[in-house]
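Counting in this note's numbering, the sequence shown runs from 8 upward without gaps.
The beta carbon of each residue, even a glycine, is placed where N, CA and C say it ideally should be.
Since the structure is predicted, the reported quantities are computational estimates derived from the model, not experimental observations.
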Amino acid sequence: MKMTNETALITGSTSGIGKKLAELFLREGCKVAICSRNKDNVNKTLSEFQSIFGDSVIGDVCDVSDPSDLKKFVKKTIDAFGSVRILVANAGLSLSYGPFHFLSLEKAFSESNITINTNLIGTITSISSVLPQMRAQKYGRIITLSGGGAERPLEHMTIYSASKGGILAFTRCLSKELENEKEDIKINIFNPGITKTNLSDASKVIKEWRDEKEFKKEFDLILKHIASDIEKSCSKVIPFVLPTCKDNGKSFRGFSIIKLINGFRKVNKIKKKLNH
Ligand SMILES: NC(=O)c1ccc[n+]([C@@H]2O[C@H](COP(=O)([O-])OP(=O)(O)OC[C@H]3O[C@@H](n4cnc5c(N)ncnc54)[C@H](OP(=O)(O)O)[C@@H]3O)[C@@H](O)[C@H]2O)c1
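Below, the structure is given as structure tokens:
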């Protein structure tokens, strides 16, 4: 077990990637605080984990777009575990999928507000809520979440991509500041690659653009041949949250580029065959 002296707070950890990271950290002996917006999701995940890992896990409702929730949750974690040595600012969402011009001005405004508030501002404030304690203990490991469109242009997820591009810039800039400080605090950014979770759901397709059923067939094909193995992908995070991690401001992937390229080739071949 590599993480017996560690304490971690993972935002958005009642499903998908955050939940898998919580499970992997707990298996390594780490104490983990889990949260999300929905009380039922928190209670269900908490009792699932507590039945295996006992009091190594705590949880509560915490909406990362609400600074007072973050303040309370960080305090609760420190009261229970004595510290937060690791933060994974994972909470994130993606709304409509499709060309940007299909969104009305009102829809573009409301979707940007929700997405930027959760993904970008939620990441910034999650970090802000643990940093004083990390500086006081002169130690911390922070992981932020990259995603579609952050590193290179990607169509059909423009608002989500903008939020992830912001996270990438914030992470890199903060890493520069941390580099100049004497505390051992490192921040790195994880790109899990396309992963089958609630976030990657075909029902988010803009119906005026594509028929949902037709789109789902194509999307399932992509998930089948291209999606990352969630456990393999998330296990790549562990070296970046250990005291031995020397990286700072680094983007790292949970997937192999070669597998991704081969996967897309396969999908295109199948699509061509189906169209003939
Ligand atoms: N899936 C992919 O293909 C993919 C690829 C690259 C990057 N990512 C990134 O990975 C991260 C996790 O996504 P996922 O795919 O695992 O999605 P997911 O299965 O939908 O999980 C998202 C988690 O975040 C919680 N959440 C949402 N909004 C929140 C908020 N405002 N405050 C606190 N918790 C909140 C959700 O629970 P509640 O609904 O109960 O709040 C849930 O536990 C995101 O940052 C995403 O952008 C995903």
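Using a threshold of 7 angstroms, is the CB atom of residue i nearer than that to any non-hydrogen atom of ligand 1?
{"i": "Gly156", "result": "no"}
{"i": "Ile192", "result": "no"}
{"i": "Thr122", "result": "no"}
{"i": "Arg260", "result": "no"}
{"i": "Cys69", "result": "yes"}
{"i": "Ile201", "result": "yes"}
{"i": "Asn126", "result": "yes"}
{"i": "Gly148", "result": "In the sequence as displayed, the identity of residue 148 is Arg instead of Gly. Arg148: no, Cβ never under 7 angstroms from ligand 1."}
{"i": "Gly270", "result": "no"}
{"i": "Ser20", "result": "yes"}
{"i": "Arg159", "result": "no"}
{"i": "Asn255", "result": "no"}
{"i": "Ser54", "result": "no"}
Tell me whether residue i sits in a helix, a strand or coil according to DSSP, three-state version.
{"i": "Ala98", "result": "coil"}
{"i": "Thr130", "result": "helix"}
{"i": "Ser75", "result": "helix"}
{"i": "Phe314", "result": "With the chain covering only 8 through 283, there is no way to say anything about residue 314."}
{"i": "Leu16", "result": "strand"}
{"i": "Val274", "result": "helix"}
{"i": "Leu53", "result": "helix"}
{"i": "Arg148", "result": "strand"}
{"i": "Ala285", "result": "Not covered by the structure: residue 285. The range shown for the chain is 8 to 283."}
{"i": "Val91", "result": "coil"}
{"i": "Asp191", "result": "strand"}
{"i": "Val244", "result": "coil"}
{"i": "Ala176", "result": "helix"}
{"i": "Lys224", "result": "helix"}
{"i": "Gly155", "result": "coil"}
{"i": "Asn205", "result": "coil"}
{"i": "Ile213", "result": "coil"}
{"i": "Asp67", "result": "strand"}
Does residue i pass the burial test, meaning 16 or more other C-beta atoms within 10 Å, or should it be called exposed?
{"i": "Lys82", "result": "exposed"}
{"i": "Ile265", "result": "exposed"}
{"i": "Ala40", "result": "buried"}
{"i": "Ser182", "result": "buried"}
{"i": "Ile268", "result": "exposed"}
{"i": "Ala284", "result": "The chain is shown from 8 up to 283; residue 284 falls before or after that span and cannot be answered."}
{"i": "Phe80", "result": "buried"}
{"i": "Ser135", "result": "exposed"}
{"i": "Ser235", "result": "buried"}
Closest by CA to residue i, which one among the options?
{"i": "Thr18", "options": "Val71, Lys38 and Val64", "result": "Val71"}
{"i": "Ser43", "options": "Cys37, Gly36, Thr21 and Phe32", "result": "Thr21"}
{"i": "Ser58", "options": "Lys280, Phe107, Leu33 and Asn120", "result": "Leu33"}
{"i": "Gly36", "options": "Arg272, Leu249, Phe259 and Arg179", "result": "Leu249"}
{"i": "Thr151", "options": "Asn50, Lys193, Glu221 and Ser101", "result": "Lys193"}
{"i": "Lys189", "options": "Lys211, Lys203 and Tyr146", "result": "Tyr146"}
{"i": "Val95", "options": "Cys241, Lys9 and Phe109", "result": "Cys241"}
{"i": "Ser210", "options": "Leu102, Asp191, Pro199 and Lys280", "result": "Leu102"}
{"i": "Lys171", "options": "Lys280, Lys46 and Ser258", "result": "Ser258"}
{"i": "Arg142", "options": "Gly99, Ile93 and Asn195", "result": "Ile93"}
{"i": "Gln144", "options": "Ala98, Asp191, Ser75 and Arg159", "result": "Asp191"}
Please work out which residues of its chain come closer than 8 angstroms, Cβ to Cβ, to residue i, disregarding the five sequence neighbours upstream and downstream, and give them in chain order.
{"i": "Lys278", "result": "Glu225 and Leu228"}
{"i": "Asn205", "result": "Ser22 and Gly23"}
{"i": "Leu31", "result": "Glu238, Cys241, Ser242, Val244 and Ile245"}
Output needed for residue i: all residues of its chain with C-beta closer than 7 angstroms, excluding positions within five of it in sequence on either side, in chain order.
{"i": "Ile85", "result": "Val91 and Gln140"}
{"i": "Glu186", "result": "Asn255"}
{"i": "Val274", "result": "Leu228, Ile229, His232 and Ile233"}
{"i": "Lys46", "result": "Val68"}
Short of 6 angstroms in beta carbon distance, which residues of its chain neighbour residue i, apart from the five on each side in sequence? Order them along the chain.
{"i": "Ala87", "result": "Ile65"}
{"i": "Gly270", "result": "His232 and Ile233"}
{"i": "Phe60", "result": "Leu33"}
{"i": "Leu100", "result": "Thr125"}
Should residue i be counted as a contact of ligand 3 given a C-beta to heavy atom distance under 7 angstroms?
{"i": "Arg44", "result": "Absent from the structure shown: ligand 3. Ligands present: ligand 1."}
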